[in-house]
Each structure stands twice: as C-alpha cells, then as structure tokens.
Amino acid sequence: MRSDRIEEADLRQGGSSQPAGTRITVAARLDRLPKSRYIRKLIVLLSLGACFEFYDLFFSAYIAPAFYSGGIFTATTKGFLGFDGFASFVAALFAGLFVGTLVFSPVSDRFGRRSIFTFSLLWYSFCSFAMALQSSAAAINFWRFLAGIGLGVEMITVGVYVSELAPKESRGQAFALNQFFSFSAVPVAALISVVLVPRRLLGLDGWRWVVLIGASGAIFIWFIRRAIPESPRWLEQRGRIAEADRIMEEMERRVRLETGTELPEPRLVAGDVYPARGSLREIWSKPYRGRTALLILFHLLQPIGYYGFASWVPTLLLAEGINVTQSLRYTFVMALASPLGPLAGMAFADRFERKWQIAWSAFSIAACGLLFARQKTAAGVVLFGLLITLSSNWMSFAYHTYQSELYPTRIRARAVGFVYSWSRLSTVFSSFVIALFLRDYGPAGVFVFIACSMLAVFGLIGGLGPRTTRRRLEEIAQ
290 MRSDRIEEAD LRQGGSSQPA GTRITVAARL DRLPKSRYIR KLIVLLSLGA
340 CFEFYDLFFS AYIAPAFYSG GIFTATTKGF LGFDGFASFV AALFAGLFVG
390 TLVFSPVSDR FGRRSIFTFS LLWYSFCSFA MALQSSAAAI NFWRFLAGIG
440 LGVEMITVGV YVSELAPKES RGQAFALNQF FSFSAVPVAA LISVVLVPRR
490 LLGLDGWRWV VLIGASGAIF IWFIRRAIPE SPRWLEQRGR IAEADRIMEE
540 MERRVRLETG TELPEPRLVA GDVYPARGSL REIWSKPYRG RTALLILFHL
590 LQPIGYYGFA SWVPTLLLAE GINVTQSLRY TFVMALASPL GPLAGMAFAD
640 RFERKWQIAW SAFSIAACGL LFARQKTAAG VVLFGLLITL SSNWMSFAYH
690 TYQSELYPTR IRARAVGFVY SWSRLSTVFS SFVIALFLRD YGPAGVFVFI
740 ACSMLAVFGL IGGLGPRTTR RRLEEIAQ
C-alpha cells in the first residue's frame, strides 16, 4: 500500500531530472524554495506561540521584588535547598521544563508538531492562571512546576517545527526571526511589571496581574494554529506520503505565485531519507553519540550564563543597594535589547558558521558579566547589562538552530528534548548555587561563576562542534 502511494506521488511530481522510479523527497522540494513572505508568515505564527514562553521565563525576574516585599519568598536561602527562597520559584519552573522536555517531548514525534504545539500552550495557560491565584510559596511552586511542563513541550515543538519548515539556505535566518518575535515579549513583560508590580488593582497584587496577562494570551493561539500546516517532513517520516505531498504542493503553489517564476528543480543529495521510525536509544548510536554528549555538556553550562543573569538581575541590583523601583527601571531598559540580538542576527545567521556564533557569544557574556559586576554608575550598569542581553540572545537563537540540525527528523523532537532537558536540570541546581554565591560572595562572586561556565562553552562548542550552516538537515544527520 505504501509503495502504491509513493508511486502515485511520483506521478504528481513529474518533471524532475531524477532517475526514473526515484521519489523526490520533501527535503529536496523544501530546500530548493527561495525566500518568500509565505515561509516568513509561517515562522511568525509559530513565534507568536513562543512569545508566551519567553514572557513567562523572564517575568520571574521582574516579579521577584514583589515576592520579597509580600513575604512569600526571600532573596537568599538559609540552606542549599531552602524552599523559602526565590531560588525555589526559579527551580520549580525549570523542574517543570525538565520534565516537559525530557519526558513529554517525544509526543511531538508521535502525534505531530501542529497538535502538540496547540495542546502545550493551552496546558501552560491553565496552570499559569491557577498559579496567579495562590498565596503560599508551596502552592505557587506547585502550579509553577506544572506550567513549566507545558512550556517545556512547547519550546521543543516550536524549534523542531521551524527547522523542518525553513529551507536550508535560510534556516538560521528563520530561527533569528523566530526569536526576534519571541524576545519581543521580554520588554513587554518588563514594562507590564514596572507598571503593575508596585500596585494593587481590583483587590489583586500587581504580580498576579503580570502572570494572568501571560496566561490569558495563550488562548489566542488556538485560532492562530489554523493557518499553520503540519510539518511535511514529519508526515513523510510517518509514511503519510499523500498528506505530505498535498502540503508541499500548496507551499510550492504559494511561493510560485509570490515570486512569479518557476521553482528550481528539486535535487536529491546524500542523506535524503524515506519513511522510517526512530527511538530515543538511537541518539547513542555511533553517528550521534558524540553530538549527544557534546550537547549535554553544553546544556549543563549555558543556562548558568543565560538564566543566571536574566532571572537574577533585579535581585543582583537590589543587593547593590538599588531600590525596587529603580532596579525594575534598569531591568526594563536592558530588556529593550532582547529582540535586538536576533534582529541583528537575521542579517548574519547564515553567513557565519553556527558553532562559532555560539562560541563567541558565550565569550562575550563572560567578559561583559565580569565588567558588569564592577560598575558603580547607572550608565555602566545599563551599558553592560545591554551587552550581556544582546550576547545571550544571539547565543540563544544560534544554539536553538544548531541543536535542531544535528538529528534526523524521525527522532528530532525526542533527541532535542533529551539534550535540552539537561539545561533545565542545570538551572534547577544553579539557581540555588547562585543564591549561595550571592549570600557569601556578593554579585561579583556570581559573575565569576557565570564567566567560568561561559568560557567552558566557548572551548566545547568551538573546539568540538560539527559544522552545520547552509547544509540540508538530512545531510547533517548522516
């Protein structure tokens, strides 16, 4: 039956220069598409879903002062795993993200990118709404953990989705565009926090409104999903050739109408694949075990620099004697730079090798973090805070592209979910380590810890990472 469907698809895809009887794969048809508004539209729609993830990840830092003043959490902890401290709130989210990425990310490989993209956002929305109504640290952390599960699944699904829809010549640019829109939620979260956190409206503390706004917005994604097709690469891998072909024909028709020219001939290359099923144990097979080990080490280290600054900057400023209102204002100015890293990256994402973009961004975070710790003026604090933010977000879109390129479609979601889950586990424990460093060594000690982790990232990825830029996903997977 499957061979009959393949032969039928071959007849509909006539006109190719490939040998007779050779089926033109989705990869060959996708990767010859030129840049188009239609592909960009699909990336933007997916990015709107990711906006809620980034809004949620970053409002943690902005509502922290309200937790301190309300007596819900403390800035530091008495012991390493003190659940009365803000570190437990950060850890609860990342524990949920760990479970979501490790345990539930394979559902995207089984049930499809489109349906899981929708379900995970609705899950997050419900749990965040419940969290906003809690008053004890234990209850807040419980619902925060559950919301993190939904976000973990959604983050993996969006990254895999983008990598499978974007042609190889513009895959880095697609991720940069994705993260430009995603990071646009960060200054929005900061601005909303500046306005609402110091206030109480309709009987609710301002921090609760910050959470409720993020929870209610995810409902709109239910309607956006209708304009997003299922990944044709995923359909092909599942043997659903006719469905994959219909989606590809529609994509080709739209691009052809937009450009006004015929599309280039699709060309098979080494690594193009046909329907197959995969399992998680494949990531430890000979072609992938080195990549898997490298990405696990990377994800143990990178969140120390990324979230070590992003989740703690208002608290670090408070430790330097800056008041709540002023620290939130400084943080808002820094947050304005969040979309600028990916925006600048759109022009360069596919011009320079991906692994070096990650490595040099990590080096920049280390250097700017050490300089940030030495600043005593408002201008210096904001300047180096902006540079850390720009470097962090450049590294973010580069490594989200990179990790999605290193595995084949049949195991992409579960493989990326597995390696990425280590970053969530790392953040759970590094949050408590940062709290101890802040208590015992102050902000300077925190930034030395961050710098060491980022220098290790530079050596790992720069020295051992494979090259991926402008190569077909199926070719890289070989």
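So in our numbering the end of the sequence shown lands on 767, straight run, no missing numbers. C-beta: ideal position from N, C-alpha, C; glycine also.
| Check | Outcome |
| --- | --- |
| Asp-729: first and last residue of the uninterrupted alpha helix (DSSP H) it sits in | 701-753 |
| CA nearest to the CA of Ile-723, picked from Glu-571, Ser-742, Trp-498 | Ser-742 |
| Span separating the alpha-carbon of Glu-764 from that of Arg-618 | 47 Å |
| Contacting residues, own chain, Cβ-Cβ under 7 Å from Leu-331 (five flanking each side not counted) | Leu-454, Ile-517 |
| Residues near Val-388 by beta carbon distance below 7 Å, same chain, minus five either side | Ile-438, Gly-441 |
| Coarse secondary structure for Gly-374, derived from DSSP in three states | strand |
| Cβ-heavy atom distance, Pro-518 to the ligand ZN, below 6 Å | This structure does not include the ligand ZN; it has no bound ligands of any sort. |
| Cutoff 6 Å; reference Arg-318; Cβ partners in own chain excluding five residues on either side | Met-537, Pro-555 |
| Cβ shell of Tyr-327 (< 8 Å), same chain only, five flanking positions each side left out | Met-540, Arg-543, Val-544, Glu-547 |
| Span of the alpha helix (DSSP H), counted from its first residue to its last, around Gly-360 | Neither: Gly-360 is in no alpha helix (DSSP H) and is coded neither H nor E. |
| Cβ distance (whole Å) where Thr-235 is taken to contact Ala-479 below 8 Å | Lying before the first or after the last residue shown, residue 235 is absent from the chain, which here runs from 290 to 767. |
| Opening and closing residue of the alpha helix (DSSP H) in which Pro-555 lies | Careful: Pro-555 lies outside any alpha helix (DSSP H) and carries neither H nor E. |
| Among Leu-583, Met-623, Asp-320, the one whose alpha carbon lies nearest that of Ser-452 | Asp-320 |
| Among Phe-434, Gly-401, Leu-490, the one whose alpha carbon lies nearest that of Arg-703 | Gly-401 |
| Between the CA atoms of Phe-673 and Cys-416 - distance to the nearest angstrom | 35 Å |
| Length of the line joining the Cα atoms of Tyr-596 and Gly-549 | 46 Å |
| Cβ contact (3+ pairs, closer than 8 Å) linking the segment 475-491 and the segment 657-671 | no |
| Proximity below 7 Å, CB of Ala-421 to CB of Val-315 | no |
| Counted within 10 angstroms of its Cβ, other Cβ atoms place Ser-574 as buried (16 or more) or exposed | exposed |
| Per-residue DSSP class, three states only, for Asn-467 | helix |
| Inter-stretch contact at 8 Å, needing at least 3 Cβ pairs: the segment 732-739 / the segment 637-652 | no |
| Ile-275 versus Ala-624 - alpha carbon distance | As shown, the chain starts at 290 and ends at 767. That puts residue 275 outside it, with no answer to give. |
| Neighbourhood of Ser-336 by C-beta distance below 6 Å, restricted to the same chain and skipping five residues each side | Asn-467, Phe-470, Ser-471 |
| Pairwise C-alpha distance: Thr-446 and Trp-523 | 12 Å |
| Residue from Ser-425, Leu-552, Ile-508 whose Cα sits closest to the Cα of Arg-497 | Ser-425 |
| Alpha-carbon spacing of Leu-346 relative to Glu-525, whole angstroms | 34 Å |
| Expected contact under 8 Å - CB spacing of Val-477 and Tyr-688 to nearest Å | At roughly 23 Å, the Cβ-Cβ gap does not stay under 8 Å, so Val-477 and Tyr-688 are not in contact. |
| Ala-427 versus Phe-362 - alpha carbon distance | 10 Å |
| Top-ranked residue by Cα proximity to Phe-726, from Ala-376, Ser-358, Ala-350 | Ala-376 |
| Phe-369 in three-state terms, based on DSSP | Here the model assigns Phe-369 a pLDDT of 49, short of 50, so the residue's position is not dependable, and the following value carries that caveat. Three-state DSSP puts Phe-369 in coil, outside helix and strand. |
| C-alpha gap between Leu-714 and Ile-508, whole angstroms | 29 Å |
| Which listed residue (Leu-391, Ile-405, Thr-390) has its alpha carbon closest to that of Ser-397 | Ile-405 |
| Contact set for Arg-329: own chain, Cβ-Cβ below 7 Å, skip 5 residues either direction | Leu-466 |
| Coil, strand or helix - Leu-660 by DSSP | helix |
| Nearest to Arg-761 (by Cα), restricted to the options Arg-728, Gly-752, Thr-716, Ser-693 | Ser-693 |
| Distance, Leu-632 Cα to Phe-464 Cα | 10 Å |
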